[in-house]
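Just so you know, the UniProt record's numbering puts 143 at position 143 of the sequence shown, and the rest follows in order with no gaps. From the three backbone atoms N, C-alpha and C, an ideal C-beta is built for every residue, glycine too. Working notes for the structure below.
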Amino acid sequence: MASTVQCPVSSLWTVPDHWSLEEAATVPLAYATAYYTLIIKGDLKKGDTVFIHSGASAVGQAAITVALSYDCEVFTLTKNREETSLLQTIFPQLKDRNICCSDDLAFEKYIRSETKGKGVDVVLNTLGGKALKASRRLMAKQGCFVDIGFNTDSQTQLAFYTREQTDYRFQLDALAESQGPDWTRLFGLVQEGMQSGVVKPLKRVVYGMDKIVEAFKNVEAEREAGKVLIKIRDEEKKKVCPPTLTNFSAIHRTCFDQRKSYISVGGLGGMGMEIAYWMVLRGARKIILTSRSGVTTGYQARKIAYLKQLGADIEVMPISINSKKTAECVFERAKKMGPIGGVFNIATILRDDNFLDQTPETFVEPLEAKITTTMLLDDLTRQQSVRDSLDHFVMFSSVIVSHGLMGQTNYAWGNTTMERICEARKRDGLPAMVPQWAGIADVGILAPKGKKTIISGKYPQRFYNVLNIFDFMMSQDNLIISSYVLVEKELDYSGGEGSMADQAANAIGKILGIKNMSSVDGDKEFIDLGVDSLISLEIKQYLERHVDLMLGTKDIQLMTFNSLKALVEGH
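This is the structure we're talking about:
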């Protein structure tokens with residue numbers, strides 16, 4: 001089910017009566033970017049000269065529209081004759097002299113000649129490398145260079161700091177979130193442009209729900225000019241009417257409320273720090289990390305500093321939640337930051353030994369983090385002041401509970417008792433979820449031992465896979481979900497004889513169920529061979545374990561057998 005998007009009225013433009021919603025969808029991002037870069041930051045004036053990269057793109061078309069409305073002379077880049085023809089159809093003011101090819105650097109000499117050596121007043125850049133340097137050299141004295149390609153070539157930047165020019169980078173989403181003076185002015189410029197007729201719907205290509213993958217592939221390959229839209233359902237004929245319910249498959253993505261606070265017990269451990277980072281990327285802005293010893297390593301300090309740079313308010317409390325007093329102290333601090341939205345217990349204490357060799361003290365010690373802490377968290381989150389705002393109550397457990405491991409009787413008992421507490425919460429209609437993890441290779445206790453360590457017949461999982469699975473878990477209504485990779489059920493990935501590249505191709509062919517590799521088009525992308533997100537994860541695991549290649553699932557889906565072989569040979 002899609003959720004309702006909340007935003008202030010000052011971020012909502014009124015759709016003109018003569019526009020369809022399809023037309024309106026092409027406007028906000030493109031024109032907001034154009035007005036902000038050219039007018040607010042570029043200080044564009046009538047008669048200025050503007051150089052706009054990627055003129056046929058949505059932002060490019062919007063920028064050309066805005067520049068022409070200020071009677072500016074426009075130079076722009078296109079990739080081919082089709083894009084040039086499109087722009088000249090939309091903008092009859094653009095002649096052949098105004099359009100250059102983006103495939104080479106000849107535009108620099110040409111535009112400098114056309115401007116009689118002066119250069120241009122504003123550059124709207126999307127390129128990198130030599131093209132970026134050439135574009136910067138085209139700036140007039142006191143010109144403005146606005147980069148929407150987010151290039152990070154520090155040498156290029158330093159080479160031009162001595163000139164009397166201005167260089168801007170920006171993020172439009174952060175500007176809208178700030179609701180500051182610049183956003184207020186930008187909102188007014190777009191609104192005024194819509195009313196005056198300057199802002200018009202852009203050329204667009206519309207894909208149906210069954211063509212989403214194709215749409216994103218074409219966007220990534222820059223095959224489409226203008227705006228690319230996904231049509232979820234037909235537009236209603238009346239302006240005011242009950243919404244139509246539309247069902248479609250989607251991948252769950254957990255998001256956190258930036259107004260709420262979140263408590264992570266054991267949050268300074270290897271897994272705790274990575275979970276905190278993931279939460280910040282998903283919207284959390286107020287997080288309390290508890291730990292018995294506080295910050296003790298440079299890595300922890302650096303990670304926390306980085307999370308703060310991302311805009312998060314991170315507070316570290318060197319405290320053990322082993323009494324009502326300490327638990328209340330943490331909760332009171334969290335309430336001052338914001339309503340408590342979630343509690344995560346990631347804390348782990350291990351005192352492994354054979355049962356007969358355990359002392360009462362060593363047997364009981366691991367139980368504090370699992371039983372005592374969970375009971376206290378359960379008690380405090382049942383209070384009305386927390387219960388009303390709480391979205392998540394997540395207690396990290398282990399597959400040791402159900403699969404067992406010699407020497408970890410106390411740890412298993414602690415986890416299973418914690419799960420029973422969460423079962424009671426579930427029966428009472430309260431949030432509760434218990435992920436049971438097997439060993440994790442990258443962070444935490446097993447990290448020093450490496451990813452090949454086998455425990456109780458299971459391989460350690462890579463942490464980015466853990467996060468993908470955790471996302472899935474958070475979308476389920478199940479209380480306990482286990483995640484592990486069985487060694488004994490691992491597929492036979494042997495690729496036969498031949499080079500490493502041929503063996504890798506044959507092994508992936510087995511994963512895809514291809515019996516005759518010679519019958520497969522080597523240039524056909526894996527996604528067209530039926531590789532979905534689950535199969536791509538299996539391919540990821542093979543490449544990491546047997547070829548030592550680390551690739552994203554998206555990269556794998558867009559890969560071909562020929563490109564795979566080239567990558568393996570060059571590795």
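Taking the alpha-carbon of residue i as reference, which of the options has the nearest alpha-carbon?
i: Trp19; options: Val531, Pro201, Leu390 and Lys141; result: Pro201
i: Val434; options: Gly283, Asp477, Gly193 and Asp428; result: Asp477
i: Val240; options: Asp17, Phe472, Ala505 and Gln309; result: Asp17
i: Asn415; options: Gln461, Glu368, Asn562 and Asp357; result: Glu368
i: Thr246; options: Arg233, Gln258, Asp257 and His252; result: Arg233
i: Gly47; options: Glu73, Ile39, Gln179 and Glu22; result: Glu73
i: Asp147; options: Val27, Val219, Thr560 and Lys41; result: Lys41
i: Ser69; options: Met194, Pro181 and Pro28; result: Met194
i: Asn80; options: Asp103, Glu22 and Asp71; result: Asp103
i: Ile349; options: Ala424, Asn98, Arg292 and Cys329; result: Arg292
i: Cys7; options: His392, Asp502, Glu177 and Ala58; result: Glu177
i: Lys45; options: Lys217, Ala67, Val59 and Val27; result: Ala67
i: Met500; options: Arg136, Gly570 and Gln142; result: Gly570
i: Leu29; options: Val295, Val15 and Val59; result: Val59
i: Met375; options: Pro360, Val343 and Thr362; result: Val343
i: Thr359; options: Gly407, Ile111, Val15 and Ser475; result: Gly407
i: Met517; options: Glu525, Asn506, Ile527 and Phe526; result: Asn506
i: Gln258; options: Leu551, Arg285, Glu315 and Thr362; result: Arg285
i: Thr409; options: Asp353, Met395 and Glu423; result: Asp353
i: Thr27; options: Glu220, Glu214 and Gly226; result: One detail in the question is off: residue 27 reads as Val in this sequence, not Thr. Closest by alpha carbon: Gly226.
If you follow the alpha helix (DSSP H) that residue i is in, where does it begin and where does it stop?
i: Met194; result: Pro181 to Ser196
i: Cys7; result: Taken as a continuous stretch (DSSP letters only), Cys7 belongs to no alpha helix (DSSP H), as it is neither H nor E.
i: Leu21; result: Leu21 to Ala24
i: Asn218; result: Ile212 to Glu220
i: Gly414; result: Thr409 to Arg427
i: Ala174; result: Leu172 to Ser178
Can you give the beta carbon distance from residue i to residue j, rounded, assuming they're within the 8 Å contact cut?
i: Leu105; j: Ala131; result: 6 Å
i: Ile371; j: Met418; result: 6 Å
i: Thr290; j: Met317; result: 5 Å
i: Ser261; j: Gly341; result: 7 Å
i: Tyr411; j: Ile400; result: 6 Å
i: Tyr542; j: Ile508; result: 7 Å
i: His53; j: Thr115; result: Not confirmed; about 17 Å, so no contact.
i: Tyr31; j: Val190; result: 5 Å
i: Leu38; j: Leu124; result: 7 Å
i: Lys203; j: Leu86; result: 7 Å
i: Leu512; j: Leu537; result: So it is not a contact: roughly 13 Å between Cβ atoms.
i: Tyr36; j: Leu229; result: So it is not a contact: roughly 22 Å between Cβ atoms.
i: Ala504; j: Val547; result: 6 Å
i: Asn562; j: Asp502; result: About 12 Å separates the two Cβ atoms, so there is no contact after all.
i: Asp471; j: Arg223; result: That pair is no contact at about 30 Å.
i: Pro431; j: Ser389; result: Wrong, their Cβ atoms sit about 11 Å apart, outside the cutoff.
i: Val330; j: Ile319; result: 7 Å
i: Ala276; j: Leu307; result: 6 Å
i: Leu558; j: Glu525; result: 6 Å
Measuring CB to CB, does residue i end up less than 7 Å from residue j?
i: Gln436; j: Ser482; result: yes
i: Asn322; j: Val265; result: no
i: Trp278; j: Leu467; result: yes
i: Arg351; j: Glu332; result: no
i: Ala347; j: Leu380; result: no
i: Ala334; j: Ile263; result: yes
i: Val122; j: Leu138; result: no
i: Ile64; j: Phe91; result: yes
i: Thr89; j: Ala56; result: no
i: Lys303; j: Met273; result: yes
i: Phe256; j: Gly294; result: no
i: Ala25; j: Val15; result: no
Starting from residue i, trace the beta strand (DSSP E) both ways and give me its first and last residue.
i: Met317; result: Asp313 to Pro318
i: Asn516; result: Element bounds for Asn516: n/a, residue is neither H nor E.
i: Arg204; result: Arg204 to Gly208
i: Trp13; result: Here Trp13 belongs to no beta strand (DSSP E), and DSSP marks it neither H nor E.
i: Ser475; result: Here Ser475 belongs to no beta strand (DSSP E), and DSSP marks it neither H nor E.
i: Leu124; result: Val120 to Asn125
i: Ala140; result: Met139 to Asp147
i: Cys434; result: One point to set straight first is that residue 434 is Val, not Cys, in the sequence displayed. That run of the beta strand (DSSP E) goes Val434 to Trp437.
What residue ranges within the region 324 to 348 form continuous beta strand (DSSP E) runs of no fewer than 3 residues, ordered along the chain? Fully enclosed beta strand (DSSP E) runs of 3 or longer: 340 to 345.
Within the region 228 to 308, ranges of the alpha helix (DSSP H) (whole runs, at least 4 residues): Within the region 228 to 308, the runs of alpha helix (DSSP H) that reach at least 4 residues and sit entirely inside it are, in chain order, 270 to 281.
Where are the alpha helix (DSSP H) runs, 4 residues long or more, that stay fully inside the region 360 to 405, in chain order? As far as the region 360 to 405 is concerned, its whole alpha helix (DSSP H) runs of at least 4 residues are 360 to 364, 373 to 381, 384 to 387 and 400 to 403.
Kindly provide the ranges of any alpha helix (DSSP H) runs that are 4 or more residues long and lie completely inside the UniProt domain "Carrier" (498 to 571), ordered along the chain. Entirely contained in the UniProt domain "Carrier" (498 to 571), the alpha helix (DSSP H) runs reaching 4 residues are, in chain order, 500 to 511, 533 to 542, 553 to 557 and 561 to 570.
In chain order, which alpha helix (DSSP H) runs of at least 4 residues are fully inside the region 31 to 116? Runs of the alpha helix (DSSP H) inside the region 31 to 116: 58 to 69, 81 to 90 and 106 to 114.
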